[in-house]
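From first to last, the protein sequence lines are chains E and Z. In terms of this note's numbering, the first sequence opens at residue 43 and continues consecutively. In terms of this note's numbering, the second sequence opens at residue 976 and continues consecutively. Note sheet for the following structure.
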Amino acid sequence: MKMIGMDATPIEVLLVEDSPGDVRLTREAFKDAKVHINLHVVSDGAEAMDFLNHEGKHANALRPDLILLDLNLPKKDGREVLGEIKESSALKSIPVVILTTSASDADILRSYRLHANCYITKPVGLDGFLEVVKSIDSFWLSVVKLPHEPRS
Amino acid sequence: MLTRKVHLAFGSTIVILLVVSSVSYHSVVISSESDRWVRHTHQVIETLENVASDMASAESSERAFALTGAEPYEEDYRANIVSAEQDEAAVRNLTKDNPKQQLQLPALDELMAQQIRFGDMAISLRQSKGAEASANALRSEPAQRIKDKFRSVVRNMEGEELRLLSLRNVDAKQRLGQTKAVLIFGTVLGLLMAAAAGGWSIQRDNSRRVLAQSLRDSDEQFRMLLDGIQNYAIFMMDPLGQVVSWNAGAERIKGYRADEIIGHSFACFFPPAEIEQGRPAEILRITAASGRHEEQGMRIRKDGSQFLASVTFAALRDPAGKLRGFSEFSHDLSDSKESEARYRGLLEAAPDAMVVVNQSGDIVLLNVQAEKQFGYSRDELIGQKVKNIIPEGFAERLIADGMRSATDALAQQIGTGIELVGRRKDGSSFPLEIMLSPLESSDGILVTAAIRDITERNESAEHLVKTVRELKRSNDELQQFAYVSSHDLQEPLRMVASYTQMLAKRYKGRLDSDADEFIAFAVDGCNRMQGLIQDLLAYSRAGANGKPLCEVSGEDALQGALTNLRITIEQSRAVVTHDSLPVLRTDETQLTQVFQNLVGNAIKYRSTEAPRVHISATKKDHTEWIFSVRDNGLGIAPQYFERIFILFQRLHGRNEFEGTGIGLAICKKVLERLGGRIWVESQPEKGSTFYFALPERDEKR
């Protein structure tokens, strides 16, 4: 069995984030990542579902190994996206990391209830933010074994 | 006094009468006695004469015999002797009670015996010696002497009798004289006494008559007085409670005429329930025992209607103390003018509209407030059906409750206001609340309704509800606003901060030193801004989650805070101590938050010594708990005691101590929401003690 990330096969990460600034920061942060990551970015919830369902302009999208999902998204809200992902038999096995500015207990609880795999509040400071992304990398992409479903 | 005299006089008269009659009787006895004595004396004399004559006869017979010697003469002689002896015996008998006479008797006897001897001798001489001898014997001296003596004795005795008789006569006469005197005197006295008795008796009769007349007069006056009293029933009963007298007031109050009720028991004035319980008899018993009894109670009139009466009973006794009967004095309370006036006064002065309604639903009384409330004048409403002003609910209740006694029905509703709708004269309606109370009157049970217009009350209640709703909404909006704005502000701020920091990182040393400095200030500005927004967010959320209060251990809350602060405590080598803390009804999270802020501050604003913090709690007045957090830190100058609790107010620069000045503001907000308060006592360089109070919501209090 192929081991993901240990060889040249990059890990596909889908980042669902509407703030370009945050997107850029995330990219910067993953630059120092241990593993080779292909970062795919969609900026709203609808586009995220298209990507995951291989629809519209994302017909040829690759299935992500990890989803980083912001909650406050235009068009379709991140909470809805979470719900849809975890309902879908095809998609529910993909780990979803909620990465959002919201620290509200309600959002945290709701996300876990919707079977988010974990919830991270974006730190306000740059360093903090970079740290967090790095830890996602070292945890989710190095320590954790991600499920491998055959790519269609 | 007069009676005694009369009695005395009559008594004396009788006594005198008795005396007189006994004295009369006595005189009769005396005279009959003297008659007897006379007879007696004559009898004695006669008998004595007989003796003498018999002896004389005997003598003649002797002589005859002496002469003739004829047998019959001897027989005569013997017969005469026998007769003389018989007579002598009779004399003896007759003079038995007379010693003096008795003394003579032996002599008489002797002389007779001698005569008899002579006689016998003469007789035997004739037989023996012949006539001459016997005659000589008889004529002899001795024989003659004896005969003479005999005769003188007889005469003495007779004389004695006569003497006695005359004595007795004198005595009797004397006695008769006395008797006569007594009789006369007695009769006169008796007559006098009788006259006196008669006189006094007449006098007494007169005074009695006068007395009786004056009694009748006063009785008449009294009766007029009683009849003049219309408002009080005054009547008398015999010891068994039968009515014996009745006044006009009683007729008016109880409804019975005198002729209808006299002779009947007063128990018929009582309600049947009380008669069954034996109340009338009990009242008589109590009155007889204590002399007097007062009470208030229900009574029944002739027509069956009931009324409340104030009644006084008194026991009537004669001078000897024997119970002669009872008097009752009663008063119909329901038509007392005084109480009515008072009632009207109260009604008029009441701040609410008062309407009095009878059982048929007619308005019988109302006050000026009622006029104002309904817009009618008094005259327009009195006599009208209450339905006209309260179309539904009131009248129906009256009628529906007619089955039970009105008192029972109304007793249920006392204290509970009934909400109904009233209608004014102009046709407009308004909500009202009525409270009912029963009123007993001579016209039956009336209902007094206190009516309050609750339009305003309802409006205020509505207004209150609306206002609260508004406030809630406004609060929610503000919360929302605070949350949203700080949340949304965060985003662009993060961008600025992050990228300026990126700049700093990426290009440090590759730009000139000015650029470094500029970037440094920019970054610092952003950081501060972020801090402020975070705090603002925290402040807006503080105390807002509103969990229900429950029993919280103060010690647990403190431990929670200390756990959160453990790194700070370790790093500063702080020593935190506490007294036992109470359990109280509050929000645990918020209490923890307060402890965390205060202990955190105590450690942060330390002096050169290692920080020592002590927490304690005391109960004040059973109403609240006062906690204290005492430190040995820098202390605070008094002029800042108020300022430090204001949001973002700091006493030190950012260079000295980090922080945004939000901690105490949050504490204040949280505590005030919990019904408490916070303040500080401190001296610069002497440490500070922060106090906060939380209410003791002990329901067992």
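The C-beta atom is built at its ideal place from N, Cα and C for all residues, glycine as well.
In or out: residue i buried (at least 16 other Cβ within 10 Å) or exposed?
i	result
residue 1177 of chain Z	exposed
residue 102 of chain E	exposed
residue 1378 of chain Z	Unreliable positioning characterises residue 1378 of chain Z in this predicted model, as indicated by a pLDDT of 40, which lies under 50. The coordinate reading is nonetheless provided below. By the neighbour-count rule (16 or more Cβ atoms within 10 Å), residue 1378 of chain Z is not buried but exposed.
residue 1142 of chain Z	exposed
residue 1538 of chain Z	exposed
residue 1600 of chain Z	buried
residue 1341 of chain Z	buried
residue 978 of chain Z	exposed
residue 1496 of chain Z	exposed
residue 1542 of chain Z	exposed
residue 1200 of chain Z	exposed
residue 1159 of chain Z	exposed
residue 1268 of chain Z	buried
residue 99 of chain E	exposed
Name, in chain order, the residues that DSSP records as bridge partners for residue i.
i	result
residue 108 of chain E	E:55
residue 1398 of chain Z	Z:1404
residue 78 of chain E	Looking at the DSSP assignment, residue 78 of chain E forms no beta bridge with any residue, so it has no partner.
residue 1287 of chain Z	Z:1269 and Z:1304
residue 1207 of chain Z	Z:1306
residue 1592 of chain Z	Z:1602
residue 1414 of chain Z	Z:1421
residue 160 of chain E	E:139
residue 1551 of chain Z	Z:1588
residue 83 of chain E	E:57
Under the three-state reduction of DSSP, which class applies to residue i: helix, strand or coil?
i	result
residue 181 of chain E	helix
residue 1542 of chain Z	helix
residue 1514 of chain Z	helix
residue 125 of chain E	helix
residue 140 of chain E	strand
residue 1303 of chain Z	strand
residue 1670 of chain Z	strand
residue 1531 of chain Z	helix
residue 1231 of chain Z	coil
residue 1603 of chain Z	strand
residue 117 of chain E	coil
residue 1377 of chain Z	Low confidence applies to residue 1377 of chain Z: its pLDDT is 48, below 50, so where it sits in the model is not reliable, and the reading given next is rough at best. Residue 1377 of chain Z: coil per DSSP, three-state reduction.
residue 134 of chain E	coil
residue 1070 of chain Z	coil
residue 981 of chain Z	helix
residue 1337 of chain Z	strand
residue 1655 of chain Z	strand
residue 1426 of chain Z	strand
residue 1419 of chain Z	strand
residue 1281 of chain Z	strand
residue 1108 of chain Z	helix
residue 1242 of chain Z	helix
residue 1148 of chain Z	helix
residue 1475 of chain Z	helix
residue 1328 of chain Z	strand
residue 1218 of chain Z	strand
residue 1556 of chain Z	coil
Give me the chain Z residues within the contact set of residue i, using Cβ-Cβ distance strictly less than 8 Å, ordered along the chain.
i	result
residue 63 of chain E	1469, 1470, 1473 and 1474
Starting from the beta carbon of residue i, find every residue of chain E whose beta carbon is closer than 7 Å, and list them in chain order.
i	result
residue 1466 of chain Z	61 and 143
residue 1589 of chain Z	In chain order: nothing, as chain E lies at least about 33 Å away.
residue 1438 of chain Z	Simply none; closest approach about 34 Å.
Along chain E, which residues have their Cβ under 8 Å away from the Cβ of residue i?
i	result
residue 950 of chain Z	Because chain Z here runs from 976 to 1676, residue 950 of chain Z falls outside it and cannot be looked at.
residue 1477 of chain Z	67, 70 and 168
residue 1462 of chain Z	143 and 144
Taking Cβ-Cβ distances shorter than 9 Å, what residues in chain E pair up with residue i?
i	result
residue 1505 of chain Z	166 and 167
Is residue i a contact residue of the ligand MG, with contact defined as CB to any heavy atom under 6 Å?
i	result
residue 91 of chain E	No copy of the ligand MG appears in this structure; indeed no ligand is present at all.
- Item | Residues within the stretch 1388-1414 of chain Z neighbouring chain E, beta-carbon criterion of under 8 Å | none
- Query: Residues in the stretch 156-176 of chain E with C-beta within 8 Å of chain Z's C-beta atoms, listed in sequence order?
  - Reply: 164, 166, 167, 168, 169 and 171
- Query: According to a CB-to-CB cut-off of less than 7 Å, which residues of the stretch 1531-1546 of chain Z neighbour chain E?
  - Reply: none
- Give the residues from the stretch 63-88 of chain E that approach chain Z closer than 9 Å (Cβ to any Cβ), ordered along the chain. 63, 64, 66, 67 and 70
- Query: Going along the stretch 1584-1615 of chain Z in order, which residues come within less than 9 Å of chain E, judged by CB to CB distance?
  - Reply: none
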